[in-house]
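Working notes, beginning with the structure itself.
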DNA sequence: CACAGGATATACT
DNA sequence: GTATATCCTGTGA
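Residue numbers (this note's numbering): 55 to 250.
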């Protein structure tokens, strides 16, 4: 994390996932000396048919039911690790998926891990982001702190657009994908149908 | 730019 | 057997 950016408190995650997702945009996250500014995050809520937790606890999504600020990392398509942070309401399986960051430090190491030169493709997507940061299932179920993840409080008020989530087939109407307007580092552009 | 197809763990029908 | 909170590569407009 860059000098001067105070870490968010534990209470940061004691809110509903759509609030935490919105408030995470503009925050700097860091892991093992690599990181960047969050530009895209999605909320997965209680009684949300698109959420892994919708049908209750399974071995995969078990950590979603831990306390707020628990790390949930799961393997998607048997290939890509995806990073989530658990929120309130406690014990209901609510969480936020970190989908993209704008790289700010440890860029050379992230380029090496990803095998790409283009910084726009380093962390633009949940699978790319974890590969760049070196995050795997090894930290699943840990607290944010125990996992070695740092989240820095944001300075200003970013312009955040709320749009439908990506890659799901249920609850597609909920605008729970939060994106930094104008960012060049999104996993996908903001739909043209969104006002603003 | 838009597809199609492959890789392949976990969960559900 | 089918679907999934994805990414990469190849082909063709």
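By construction, the Cβ of each residue, glycine as well, lies at the ideal position given by its N, Cα and C atoms.
Residue i, DSSP secondary structure in three states
| i | result |
| --- | --- |
| residue 129 | strand |
| residue 176 | coil |
| residue 206 | strand |
| residue 247 | coil |
Supposed contact pair residue j and residue i - C-beta distance, whole angstroms, cut 8 Å
| i | j | result |
| --- | --- | --- |
| residue 120 | residue 140 | 6 Å |
| residue 241 | residue 178 | 5 Å |
| residue 207 | residue 62 | 5 Å |
| residue 89 | residue 158 | 6 Å |
| residue 142 | residue 122 | 5 Å |
Distance, residue j Cα to residue i Cα
| i | j | result |
| --- | --- | --- |
| residue 115 | residue 215 | 28 Å |
| residue 83 | residue 72 | 18 Å |
| residue 80 | residue 93 | 6 Å |
| residue 188 | residue 98 | 23 Å |
| residue 244 | residue 172 | 20 Å |
| residue 213 | residue 156 | 15 Å |
Residue i versus the options, residue with shortest Cα-Cα distance
| i | options | result |
| --- | --- | --- |
| residue 128 | 223, 109, 190, 166 | 190 |
| residue 100 | 240, 225, 197 | 225 |
| residue 69 | 60, 132, 146, 113 | 146 |
| residue 104 | 156, 184, 154, 219 | 219 |
| residue 91 | 174, 136, 228, 143 | 174 |
Strand pairing of residue i, partner residues [DSSP]
| i | result |
| --- | --- |
| residue 124 | 197 |
| residue 157 | 90 |
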